[in-house]
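Read top to bottom, the protein sequences are chains B and S. The opening residue of the first sequence carries number 1 in the numbering used here; numbering runs sequentially from there. The opening residue of the second sequence carries number 1001 in the numbering used here; numbering runs sequentially from there. Ideal Cβ positions, reconstructed from N, Cα and C, are used throughout, including at glycine.
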Amino acid sequence: MAKDSRLILDPLTDNNPITIQVLGICSALAITAELEASIVMSISVLFVMGVGNVVISLMRNIIPSKIRIIAQLIVVATLVIIVDLVLKAFAYELSKTLSVFVGLIITNCIIMGRFEAFALGNGPYRSFLDGIGNALGYGIILIIVGFFRELLGSGTLLGIPVLGDPIEKTGLYALGYENNGFMLLSPMALIVVGIIIWVQRTRNKALIED
Amino acid sequence: MENRTDKNSYTIIFAIGMVIVVGALLAYLASTLKPKITENQRLEKQQNILYAMGINENDETSAVFISTDKAPEAFDTNVTDQIVITVDANGKVVKTQSRDEYYEETKQEPYLIDVKKQQASVKAGGNRKLPLFVGKTPEGKTVYVAPIYGKGLWDAIWGYVAMDEDMIVRGAYFDHKGETPGLGANIKQRYFMDDFYGEHLLTKNGAFKGITVAKGNADPKNNDKTDNEVDAIAGATITGDGVTAMIKKDLKLYLPYFNSLKGK
């Protein structure tokens, strides 16, 4: 169905959770100094959001509206803790990599935002697609920001040096290039997100609000 | 039209029900998985200690532990003794026990001593037990591995430092609970941990100085091993200060033991 595919595609471009809805900024600032961390966070959010949206959607008719935010928070926190416990028992190495992200996932406003805006009013299948779409839209921005911050800040990608060795002065560094340490600090994530928003709105004038 | 889910009574019943269901589910999971998790943590401690001693499966760039199925055997063969030094609140040595003496007294392996609890016990005016693991590096050198514990920017950081008789670092492993990925979290990267190799903890006169994670020390390749400094990570100042602090505070307590080694 054409409408269902838009649930996945829209958040990737014209309804992106970070650049259009400006949600999930806190985690975008916190963990994008390295490309690898961005990818891990994207995959974690993809999982939690897909499952969480389905659970909330299934419970949508029994959740009292007065305490729906708390109920949503409990669902997402429970999911994340279950995953954390199971990983600790069966994939300890992986769980150590992910443990840093647990707190960031629970407090991610995109997840709460989609529960509230979509899953509470739609069926499980469509909620699942919406969750996956928004998580992908979030992930794409995270990975773009992570790519530029790691490349310009440390001269590496996924930990592999791509611009030469800054200490031995090989590659680009032989020409006098220097890593920009400022890229590693959180404010630069905001500036990179700002540039993405700028580019996106220049290409699609319909997105510009008065 | 009033919805049945808008009633106060329904809201309260729902809240109670949800808390009970979620609470029971999490409690059940936590208690069934606990033995497995504790076992994983135990193996990790062995891997950490072996890593600091140089027994690991590092490739060129990344830090790789010895695999979990080989760790217990490697631990038994390579760690020759686990000394427990008990000090009082002023850092004065009360007694020194070997692994067997300690096990006799407490029925606990010294490597399972919780450094955090020991630090808390000293704060409350009690004694502190300092474990020290004696072993041989792959090159056959005797090293002494000490656990350290402190705090970084967000949460706990800890590590294991292997030293020789002169308190020169022969290996180090650091880990953290929740430092920022890409910044403070990089204390567990090879390029940071390897910098410690060969660094002196003492000054030339034999006084304890520790190692400072220093900004702008003009020695990024770390050629000068006697300056008591290693190069810091950009953007991770507070985590780096935490590493400095735990090295200075915890390793200092071992100085009397190392001095007594020289006397022999």
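Just measuring C-alpha positions, the residue of B:Ser65, B:Cys26 and B:Ala77 sitting nearest Met49 (chain B) is B:Ala77. Any Cβ of chain B closer than 8 Å to the Cβ of Phe1014 (chain S) would place that residue at the interface, and such an atom is present.
Rounded to the nearest whole angstrom, the C-alpha separation of Leu1183 (chain S) and Ser1009 (chain S) is 49 Å. The shortest C-alpha to C-alpha distance from Asn1222 (chain S) to any of S:Gly1240, S:Ala1214, S:Asp1195 and S:Asp1241 is the one to S:Asp1195.
For Trp198 (chain B), the enclosing alpha helix (DSSP H) begins and ends at Ser186 to Arg203. The Cβ of Thr78 (chain B) sits closer than 8 Å to at least one Cβ of chain S. Neighbours of Ala206 (chain B) in chain S, taken as residues at a C-beta separation under 7 Å, are lacking, since the least C-beta distance is about 35 Å.
Below 8 Å, too few C-beta pairs join the stretch 174-192 of chain B and the stretch 1205-1215 of chain S to call them touching: fewer than three. By the 16-neighbour rule on beta-carbons within 10 angstroms, Leu158 (chain B) is exposed.
Taking CB atoms only, Thr1239 (chain S) has no neighbour in chain B less than 8 Å away. Cα atoms of Val100 (chain B) and Asp1100 (chain S): separation of roughly 38 Å, rounded to the nearest angstrom. Under the three-state reduction of DSSP, Gln1047 (chain S) is assigned to helix. With respect to Met1053 (chain S), Val1161 (chain S) sits apart: the two C-beta atoms are not nearer than 8 Å.
DSSP lists S:Ile1157 as the beta-bridge partner residues of Gly1150 (chain S). Annotation: the stretch 56-142 of chain B contains the following complete segments of the alpha helix (DSSP H) (minimum length 4 residues), in chain order: 68-90, 92-106 and 109-114.
Assignment of Val1115 (chain S) by DSSP, reduced to helix, strand and coil, places it in the helix class. A straight line joining the alpha-carbon of Val102 (chain B) with that of Val80 (chain B) spans about 7 Å. Within chain S, the residues Thr1005, Asp1006, Asn1008 and Thr1011 have their CB atoms less than 9 Å from the CB of Lys66 (chain B), given in chain order. Residue environment analysis places Thr1226 (chain S) among the exposed positions, since fewer than 16 neighbouring C-beta atoms fall within 10 angstroms of its C-beta. Distances from the CA of Met1018 (chain S) to each of B:Arg68, B:Asn53 and B:Thr170 were compared; the closest alpha carbon is that of B:Arg68. As the crow flies, the alpha-carbon of Arg149 (chain B) is around 14 Å from that of Ile160 (chain B).
Of all residues in the stretch 155-173 of chain B, only Gly159, Ile160, Pro166, Ile167 and Glu168 place a beta-carbon less than 9 Å from a beta-carbon of chain S. Asp1081 (chain S): member of the beta strand (DSSP E) spanning Val1079 to Val1087, first to last residue.
A contact between stretches requires three or more CB pairs, one per stretch, nearer than 8 Å, and the stretch 124-139 of chain B meets this requirement with the stretch 49-67 of chain B.
Leu58 (chain B) is classed as exposed because its beta carbon has fewer than 16 other beta carbons within 10 Å across all chains shown. DSSP lists no beta-bridge partner residue for Leu29 (chain B).
Taking the Cα of Ile1066 (chain S) as reference, the smallest distance to any Cα among S:Val1087, S:Gly1150, S:Val1084 and S:Glu1044 is reached at S:Glu1044.
With a cut-off of 8 Å on Cβ pairs, the stretch 1059-1074 of chain S is in contact with the stretch 1031-1051 of chain S, counting three or more such pairs. Under the 10 Å beta carbon count, Pro1220 (chain S) is surrounded by fewer than 16 other beta carbons and is classified as exposed. DSSP places Met183 (chain B) in the helix class (H, G or I) of the three-state scheme.
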